[in-house]
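*Asks:* Encoded as structure tokens, here's the structure I'll be asking about.
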């Protein structure tokens, strides 16, 4: 842990990305652009793909930002090299149990598979354990997204279960994986870096 005289670690800065915040207008522009990519949508969501206007995205973001800040925390993901807005990551809290669910999307296709999502996930899990004092962080993903599965395993998430046939895509049902990481597991992996 951080001792007297040691510099505090920047919770929002990783090796490839930093966590930030954007205006509703910036989110709306990005989500409208990313939403045109049906593969992006299918990897990120189980709902049917649909196109929203920039205005509708902005209204949704403004309404969402009015919710109690104790329900969730949302960060944009920006590259360190270009300071480019490439995705977002969100923690939804269950304070009673000391846990949260996490969701992440990398919207800019040219940044897929290069470690940006893994770096952002490390940061949000770190935030959850160090700032929000969580005991556990959980996530769910589609079985047809092996790249995400490998990324989450790199961060330290463990496969905890499979919801068989939950998502229907292109006329067939696919599984959903549930993963989690406990505070003590995270500390065993990263404790010497904080």
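Numbering (my numbering), first residue to last: 17 to 210. Heads up, the beta-carbon is just placed ideally off N, CA and C, and yes, glycines get one too.
Would you report the Cα separation of residue 42 and residue 90, rounded to the nearest angstrom?
*Replies:* One C-alpha to the other measures close to 14 Å.
*Asks:* By the DSSP assignment, the beta strand (DSSP E) with residue 115 in it spans what residues?
*Replies:* Taken as a continuous stretch (DSSP letters only), the beta strand (DSSP E) holding residue 115 covers 115-122.
*Asks:* Go to residue 191, then tell me how far its beta strand (DSSP E) extends in each direction, as first and last residue.
*Replies:* Segment 188-198, the beta strand (DSSP E) holding residue 191.
*Asks:* Is residue 46 closer than 8 Å to residue 119 when the C-beta atoms are compared?
*Replies:* No.
*Asks:* Could you give the C-beta distance for residue 195 and residue 167, rounded to a whole number, given that I count them as a contact under 8 Å?
*Replies:* Their Cβ separation, rounded to whole angstroms, is 11 Å, which puts residue 195 and residue 167 out of contact at 8 Å.
*Asks:* Per DSSP, residue 177 forms a beta bridge with which residues?
*Replies:* Answer is 194.
*Asks:* Which residues share a DSSP beta bridge with residue 93?
*Replies:* According to DSSP, which records beta bridges pairwise, residue 93 is partnered with 35 and 103.
*Asks:* Using the beta-carbon count (16 or more within 10 Å), is residue 204 buried or exposed?
*Replies:* So residue 204 ends up on the exposed side.
*Asks:* So, is residue 207 buried or exposed, given that buried needs 16 or more other C-beta atoms within 10 angstroms?
*Replies:* Exposed, because fewer than 16 other Cβ atoms sit within 10 Å of the Cβ of residue 207.
*Asks:* In its own chain, which residues sit with a C-beta less than 6 Å from the C-beta of residue 164, not counting the 5 before and 5 after it?
*Replies:* Cβ neighbours of residue 164 beyond the five flanking positions: 157.
*Asks:* Measuring alpha carbon to alpha carbon, tell me which of 153, 87 and 58 ends up nearest residue 184.
*Replies:* Checked all of 153, 87 and 58; the closest Cα to residue 184 is 58.
*Asks:* Using 8 Å for Cβ pairs, my map puts residue 117 next to residue 154. What's the rounded Cβ distance?
*Replies:* That pair is a contact at about 5 Å.
*Asks:* How big is the Cα-Cα spacing for residue 1 and residue 178?
*Replies:* Nothing about residue 1 can be read from this structure; the chain reaches only from 17 to 210.
*Asks:* For residue 18, which of helix, strand or coil comes out of DSSP?
*Replies:* With a pLDDT of 44 at residue 18, under the threshold of 50, the modelled position of this residue cannot be trusted; read the value that follows with caution. Reduced to three states, the DSSP call for residue 18 is coil.
*Asks:* Using CA atoms only, rank isn't needed, just tell me which of 172, 144, 160 and 133 is closest to residue 189.
*Replies:* Among 172, 144, 160 and 133, the Cα nearest to that of residue 189 belongs to 160.
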